[in-house]
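For the sequence shown, position 309 (counting from the first letter as 1) is numbered 293 according to this note's numbering, and the numbering increases by one without interruption.
No residue lacks a Cβ here, since even glycine has one placed at the ideal position from N, Cα and C.
This report refers to the structure that appears directly beneath it.
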Amino acid sequence: MHVDLNDHVTWVGVRDWELRKFHGEEYSTHRGSTYNAYLVRDEKTVLIDTVWLPFAKQFIEQLIHTVDLKEIDYLVMNHGVVDHSGALPELMRHIPDVPIYCTKKGVASLKGQYHQEWNFQVVKTGDRLSLGKRELIFIEAPMLHWPDSMFTYLTENNILFSNDAFGQHYATSEMFNDLVDPAELYQECLKYYANILTPFSPMVTRKINEVLGFNLPVDMICPSHGVLWRDHPEQIIHSYLKWAEGVPENQITVVYDTMWENTRKMADAIVEGIQEADPEVSVKVINVGKGDKNDVITDVFQSKGVIVGSSTINRGILTSVAGFLEEVKGLQLKGKQGGAFGSYGWSGESVKQIREHLKSAGFRVEDEGVAVLWTPDADGVEACRQYGRTFAEGLKG
Ligand SMILES: Cc1cc2nc3c(=O)[nH]c(=O)nc-3n(C[C@H](O)[C@H](O)[C@H](O)COP(=O)(O)O)c2cc1C
């Protein structure tokens, strides 16, 4: 399958409707994904990126219906990781001498994975490649989201091929942002940013400002996953700038796990207290043992406050909560308030440990949290309500 974006640019990627987990088991993809590759035809013909390894054969078969492979003059690899380069070895069997344009670290990545001495052409920011009437301009984009990443800009058509930046794991039959449900699209973009790009936020801000400084007109942004931005493509750039700044929504998220519902009862009372103190604030309540880890992270990313609960087990915390806190630590979230709660039977270490985890993840932790022995009674419920009230009051307005 291929889709013409205009007279000179064709999408030649693959839709993966079935994908439910990506990066091994690390990232959930409820709506599948796409691996986007693009063919640009001028006096010269260039292929930008390929697809994930399991789709290599399908990709080449499709490509042959669109172009005689011998007509491809150049390859551009914006990012060497296997979901974009997986079809490269198969393709290079057909066109072994075609030059591959990528960053210096892209060469290292491709050589490291495929151990081939292909005709690599290293490019740096500002380097240009003439295709005839059109030119490609390369822009290195390290850590958006890997060290080797780069963007490629096509003149005349004013298209930014941004690879993983501005993408989403979202398989749809509609190719463009103006044709899909905007709420679904926003959610997938936000989830992608929250889970994958958050640690690199300072670099996101710097890189976007650098690219905006080039004053290149951008009529379309074509990422390597999901739909293409042709309607007001600047909207996703503005969302990235906002997310990179880390400005939260008016939201508090309560994340917990429980063995026998005692900590859940505490969570319910804390939520009541939050809502009494601030009826305006949006509250999300998630049992992290049952919820999807990446969706939880997305809610945490949006929140100004996060209250984490676990009962004490063997002098520690429940493994689902521990895993969640470990994940949060890696994201280096900024400017969020943290709180802790949990039921216990005798020694009651969980609340202290959660507070320590949150502090080391960069949260402000300004209170002692709330712990309840066994099942909360009326006083225990009131202590939790009061905790919720105080937490929300501190974050109000
Ligand atoms: C396997 C197991 C280990 C436990 N270890 C501890 C412990 O080390 N210290 C403690 O204070 N309570 C311990 N408890 C008691 C629980 O913390 C207590 O039952 C609590 O009320 C459970 O809350 P939950 O229903 O929210 O899970 C343990 C309970 C279980 C089942």
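Flag Thr247 as yes when its Cβ comes closer than 7 Å to any non-hydrogen atom of ligand 1, and as no otherwise. Remark: the shortest separation between the CB of Thr247 and any heavy atom of ligand 1 falls under 7 Å.
Can you list, in chain order, the residues of its chain with a C-beta nearer than 8 Å to that of Arg373? Leave out the 5 residues immediately preceding and following it. These residues qualify, in order along the chain: Gly257, Ile258, Glu260, Ala261.
Using the rule of at least 16 other Cβ atoms within 10 Å of the residue's Cβ for burial, across every protein chain shown, is Ile48 buried or exposed? The Cβ neighbour count for Ile48, taken over all protein chains shown within 10 Å, is under 16; the residue is labelled exposed.
So, are the CB atoms of Tyr176 and Arg15 less than 8 Å apart? The criterion of a C-beta distance shorter than 8 Å is not satisfied by Tyr176 and Arg15.
Kindly confirm or deny that the segment 162 to 171 and the segment 116 to 131 touch, where touching means at least three C-beta pairs closer than 8 Å. Inter-segment contact for the segment 162 to 171 and the segment 116 to 131 is absent: fewer than three beta-carbon pairs are separated by less than 8 Å.
Beta carbon of Met159, beta carbon of Trp(-5): below 8 Å? It is a contact, given that the beta carbons lie within the stated cut-off.
On the CB-based measure, 16 or more other CB atoms within 10 Å of its CB, does Trp330 come out buried or exposed? Residue environment: Trp330 is assigned as exposed (fewer than 16 neighbouring CB atoms within 10 Å of its CB, all protein chains considered).
Going by the CB atoms, is the gap between Phe325 and Val354 shorter than 8 Å? In this structure, Phe325 lies closer than 8 Å to Val354 by Cβ.
Going by Cα to Cα distance, which pick from Val51, Lys343, Leu200 is closest to His(-14)? Checking every option, the nearest Cα to that of His(-14) belongs to Val51.
Could you check what DSSP says for Ile123 in three-state terms: helix, strand or coil? The three-state secondary structure of Ile123, taken from DSSP, is strand.
Which one or two residues does DSSP pair with Arg348 in a beta bridge? Listed as beta-bridge partners of Arg348 by DSSP are Gln321.
According to DSSP, simplified to helix, strand and coil, what is Tyr154? Tyr154: coil per DSSP, three-state reduction.
Are the beta-carbon atoms belonging to Glu264 and Thr296 less than 8 Å from one another? Not a contact, by the Cβ cut-off of 8 Å.
Nearest by alpha-carbon distance to Tyr137: which of Arg369, Trp130, Asp111, Asn193 is it? Of Arg369, Trp130, Asp111, Asn193, the residue nearest in Cα terms is Asp111.
Going straight from the alpha carbon of His216 to that of Phe43, what length do you get? His216 and Phe43 have their C-alpha atoms roughly 30 Å apart.
For Tyr85 and Gln105, what's the separation of their Cα atoms in angstroms? If you take the alpha carbons of Tyr85 and Gln105, they lie about 5 Å apart.
Give me the Cα-Cα distance between Arg339 and Pro207, rounded to the nearest whole angstrom. Answer to the nearest angstrom: the Cα atoms are 39 Å apart.
Should the segment 179 to 193 be regarded as contacting the segment 234 to 246, the criterion being three or more beta carbon pairs within less than 8 Å? Short answer: they don't touch.
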